[in-house]
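Novice: From first to last, the protein sequence lines are chains A and B. Taking my numbering, the leading residue of the first sequence gets 9, the next gets one more, and so forth. Taking my numbering, the leading residue of the second sequence gets 2, the next gets one more, and so forth. Using N, Cα and C, we set each Cβ at its ideal position, and we do this for glycine too.
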Amino acid sequence: MIPLQNAVKKFKLNTVEPEATAAEALVRLVEHDFIPLLVPRKDRTDAYGIVTKHDILSKVVAEGRDPRKVKVSEIMAKPLIIVNDLSMDLRWASRMMHRCGIAALAVLDKGEFYGFITDRCIIEEYFDELRRDKLDRSGEMLSC
Amino acid sequence: MLVKDLELAQKYRRIPATATAAEAIALMAEYHIPVILVEKGSEGDTYGVLTRRDMISKVIAEGLDPTKVTVTELASKPLMVLNNNEVDVIWVARFMARENVSTLALFDGGEFKGFVTDADVLRALAAPLRAEFGHHGGHRR
Numbered sequence: 009m010i011p012l013q014n015a016v017k018k019f020k021l022n023t024v025e026p027e028a029t030a031a032e033a034l035v036r037l038v039e040h041d042f043i044p045l046l047v048p049r050k051d052r053t054d055a056y057g058i059v060t061k062h063d064i065l066s067k068v069v070a071e072g073r074d075p076r077k078v079k080v081s082e083i084m085a086k087p088l089i090i091v092n093d094l095s096m097d098l099r100w101a102s103r104m105m106h107r108c109g110i111a112a113l114a115v116l117d118k119g120e121f122y123g124f125i126t127d128r129c130i131i132e133e134y135f136d137e138l139r140r141d142k143l144d145r146s147g148e149m150l151s152c
Numbered sequence: 002m003l004v005k006d007l008e009l010a011q012k013y014r015r016i017p018a019t020a021t022a023a024e025a026i027a028l029m030a031e032y033h034i035p036v037i038l039v040e041k042g043s044e045g046d047t048y049g050v051l052t053r054r055d056m057i058s059k060v061i062a063e064g065l066d067p068t069k070v071t072v073t074e075l076a077s078k079p080l081m082v083l084n085n086n087e088v089d090v091i092w093v094a095r096f097m098a099r100e101n102v103s104t105l106a107l108f109d110g111g112e113f114k115g116f117v118t119d120a121d122v123l124r125a126l127a128a129p130l131r132a133e134f135g136h137h138g139g140h141r142r
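1. My output table needs one value for C152(A): the three-state DSSP class, helix, strand or coil.
2. What is the DSSP secondary structure of P11(A), counted as helix, strand or coil?
3. If contacts are defined as beta-carbon pairs under 8 Å, then V90(B) and V4(B) qualify, I think. What distance do you get, rounded to the angstrom?
4. Could you give the DSSP three-state label for T53(A): helix, strand or coil?
5. Starting from the C-beta of L36(A), find all residues in its chain whose C-beta is less than 7 Å away, skip the five residues before and the five after it, and write them out in chain order.
6. Please classify C152(A): is it buried, with 16 or more other beta-carbons within 10 angstroms of its beta-carbon, or exposed?
7. For F116(B), which beta-bridge partners are listed by DSSP?
8. Do I10(A) and D97(A) have their beta-carbon atoms positioned less than 9 Å apart in this structure?
9. Going along the chain, which residues of the stretch 102 to 127 of chain A sit with their C-beta nearer than 7 Å to a C-beta in chain B?
10. Which residues mark the beginning and the end of the beta strand (DSSP E) in which Y122(A) is found?
11. List the whole-angstrom C-beta distance separating D109(B) from L9(B), where the pair is believed to meet the contact cut-off of C-beta under 8 Å.
12. What are the boundary residues of the beta strand (DSSP E) that includes D117(A)?
13. So I130(A) contacts chain B; which residues on that side make the cut at Cβ distance below 9 Å?
14. Can the beta-carbon of L7(B) be found less than 9 Å from the beta-carbon of V117(B)?
15. Output the distance between the C-alpha atoms of R142(B) and R49(A), rounded to the nearest integer angstrom.
16. Any C-beta of chain A within less than 8 Å: which residues of the stretch 108 to 124 of chain B qualify?
17. Measure from the alpha carbon of E74(B) to the alpha carbon of each residue in N84(B), M56(B), G64(B), then state which is nearest.
18. Could you please give the first and the last residue of the uninterrupted beta strand (DSSP E) stretch that includes R14(B)?
19. Comparing the C-beta of R15(B) with each C-beta of chain A, is any distance below 9 Å?
20. Between V72(B) and chain A, is there a C-beta pair that is closer than 9 Å?
21. Looking at the secondary structure, which residues open and close the beta strand (DSSP E) in which T52(B) lies?
22. Checking the sheet assignment: what are the DSSP bridge partners for V47(A)?
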């Protein structure tokens, strides 16, 4: 059992305004190793949005559009697909990402944005857990 | 921008067809790589590809024991291949978008060159825009 909280990357959160261009979002994604960008909400009644590399690739590049002329608001996904239980097992977050066909799942804590879960943080956290498991087991064998 | 001008960020790694999912996860996590080439298991077999997504949806989400599943059961086979490196990257993007994949295998004259990922394509296209919108120079909100 791996609580979700362990896997949420504590990366510096990057945001992009809905009025910004896709070119700006693209540069920001490249500069930050393709960690998804959060599109902030205007007020508490608004929803958060998200821009991932997949949005840029499929909605701008593949369509042959000029990224300078496309707005973030045209390509973002909004509202976010979220989970709000930080103690949930990573397995269920994995299943949700698979079921929804998404690469980044937003985690909210008490109504505020907490972080993203991505493919990469799941794999790396899962591996750490496998390694801890193995160490625990070899420890038991030593103590016998 | 043509495919042959792309800089492939992934130093691809390979894994034998009989390896377990746990070994593949270790490789992905230790080297921070999103994709692994799965070798042929026997004659007449084909190469396969294993992504983070495969591990997440087929092992972790299903609660399987990764030490008991082989990579052959999980890999996507055969590879989605790109063998014309004179083509514009926009077609690579369209291929990826249409087939809903993030990785294509690049061959040149029958020789496997490596994996082209969506990140490679975007990085190449972002390069000329960086002066305008990047951290150094240009405006920043």
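Specialist: Put simply:
1. With a pLDDT of 46 at C152(A), under the threshold of 50, the predicted position of this residue should be treated as unreliable, though the coordinate-derived value follows. If DSSP states are grouped into helix, strand and coil, C152(A) belongs with coil.
2. strand
3. 6 Å
4. Coil.
5. With the sequence shown as reference, residue 36(A) is identified as Arg, and Leu is not the correct amino acid for it. Only N22, V24, L45 meet the Cβ criterion.
6. Annotation note: pLDDT 46 at C152(A) (below 50); position unreliable, coordinate value reported separately. Under this definition C152(A) is an exposed residue.
7. A106(B)
8. yes
9. Correct list: S102, R103, M105, H106, D127.
10. 120 to 126
11. Between L9(B) and D109(B) the Cβ distance is about 12 Å, and since that is not below 8 Å, they are no contact.
12. From DSSP, the beta strand (DSSP E) with D117(A) extends over 112 to 117.
13. In chain order: R53, M56, I57, I61.
14. Yes, these two residues count as a Cβ contact at 9 Å.
15. Unreliable placement is indicated for R142(B), whose pLDDT of 39 sits below 50; the coordinate value is still reported in the next sentence. Within the model, the alpha-carbon separation for R142(B) versus R49(A) is close to 16 Å.
16. D119, A120, V122, L123, R124
17. M56(B)
18. Element bounds for R14(B): 14 to 16.
19. no
20. At least 9 Å separates the CB of V72(B) from every CB of chain A.
21. 49 to 52
22. DSSP lists G57(A) as partners of V47(A).
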